[in-house]
Structure formats: structure tokens, C-alpha cells
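Right, one structure below, let's go through it.
In this note's numbering, the protein residues as written are 79 to 225.
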């Protein structure tokens, strides 16, 4: 009887041991799967960190380019503003010079009209003098002939 009891206990012990072995095998398999998942997640995390580092580097480069562009645009804007002011000043000078030229042209036109008037008067006077001269010559001729 004791042997039978010992056999039953041994059989039960073996069943428990087999059950524990199965549980340990399941736990080992779970641990292996967990390690694989952790390894996969670690690789993904490294990829994400690398992507983040690349993105940060791109952001820094873009910030630098933006700063350069802004500086260039400010310089361009200042230069353009200065050029526009110079052009406006030059245009003002051109307008003023144009007004002076128009005034000079008007004055020359007025002088020309006066000169043309005086020339007409001189031509009339010259014709009158020529007529008087002819009359004087005719008178001198007629006086000479009568002598």
C-alpha cells in the first residue's frame, strides 16, 4: 500500500512537474517573443530617433536658410528703397529742368515773335526808304535834266 501511495504521489508529482515544465516552456516562449518584440521596438525606436535627428538637422538648416533669405530680402528691400528714392529725386530734377527748358523755349518764342515783328517793321521802313530814295533820285534826275 505504501508503495502504491508512493507511486500515486510520484505520478501526481510527475504530472505537476510536467505541468510546471509546460508552464516554464510557455513562459520561456513568452519571454522569447517579448525579447523579439523589445528588439523590434528598439530598432524602431532607433529609426524614429534617427528620423527625429534628421528632422531636427533639416529644421536647423531651414532656419539658417530662412535667416539668410530674410537678411538678403531686407538688404534688397533697403537697396530698392534707396534706388527708388534716388530715381524720384532724379525725376524731380528732370521735371524741374524740363520746366526751365519750357520757360526758356517760351522766352525764345516770344523773342522770335518780337524779332519777326521788328523785321517786318524794318522791311516796311526799308521799302519806304527805298521809295523815298527812288523819289529823291527821280527828283535829282529831273533837276539835272532841267539844267
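All C-beta atoms in this analysis are idealised placements derived from N, C-alpha and C, irrespective of residue type, glycine included.
So that I know if they touch, is there some Cβ in chain B lying closer than 9 Å to that of residue i?
i, result
"residue 79", "The chain inventory of the structure shown lacks chain B, comprising one protein chain alone."
Return the chain-ordered list of same chain residues with a C-beta closer than 8 Å to the C-beta of residue i, the five sequence neighbours on each side being excluded.
i, result
"residue 162", "none"
"residue 217", "none"
Can you list, in chain order, the residues of its chain with a C-beta nearer than 7 Å to that of residue i? Leave out the 5 residues immediately preceding and following it.
i, result
"residue 127", "none"
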